[in-house]
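Student: For the record, in the sequence shown the residue sitting at position 5 is 5 according to the numbering used here, with numbers rising by one throughout.
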Amino acid sequence: MPHRPRLVNPRFSPALRAAADARETSGIEGRIRLHDLRHAALTNLAATGASPIAVMATAGQPD
């Protein structure tokens with residue numbers, strides 16, 4: 001796994017592992033960073049029609 005385990009909360013390890021497995025299976029080249037997973041999750045949330053306020057709240061952005 002490309003991340004440094006001491007720098008990542010253990011709760012995120014399964015998500016990083018799943019993303020790495022999916023990357024290998026799909027043929028996508030390059031690394032997948034934790035930030036990439038966050039960005040994808042927020043993008044998908046917005047694509048479902050969630051309000052900008054809900055997306056911002058999920059992202060931890062101030063009002």
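Built from N, CA and C at the ideal position, the CB exists for glycine as well. Predicted, not measured: the structure shown is a model, and the values here were computed from it.
Are the CB atoms of L37 and V55 nearer to each other than 8 Å?
Tutor: Locating residue 37 in the sequence shown gives position 37, where the first residue counts as 1. Locating residue 55 in the sequence shown gives position 55, where the first residue counts as 1. Cβ distance not < 8 Å, so L37 and V55 don't count as in contact.
Student: Under a Cβ-count criterion, where at least 16 other Cβ atoms within 10 Å of its own Cβ denotes burial, should M1 be classed as buried or exposed?
Tutor: Translated into positions along the sequence shown, residue 1 becomes position 1. At M1 the pLDDT is 48, less than 50, meaning the model places this residue with poor confidence; the figure from the coordinates comes in the next sentence. Result: exposed.
Student: Look at the alpha carbon of L16 and the alpha carbon of E24, and state the distance between them as a whole number of angstroms.
Tutor: Taking the first residue of the sequence shown as 1, we reach residue 16 at position 16. Taking the first residue of the sequence shown as 1, we reach residue 24 at position 24. So the alpha carbons of these two residues sit roughly 12 Å apart.
Student: Is any beta-carbon of chain D found at less than 8 Å from that of T43?
Tutor: Although the question refers to chain D, the structure presented lacks it and comprises just one protein chain.
Student: If I32 and A46 are in contact, beta carbons under 8 Å, what's the gap, nearest whole angstrom?
Tutor: Residue numbering aside, residue 32 sits at position 32 when the sequence shown is read from its first letter. Residue numbering aside, residue 46 sits at position 46 when the sequence shown is read from its first letter. Actually they do not touch by this definition, with Cβ atoms about 20 Å apart.
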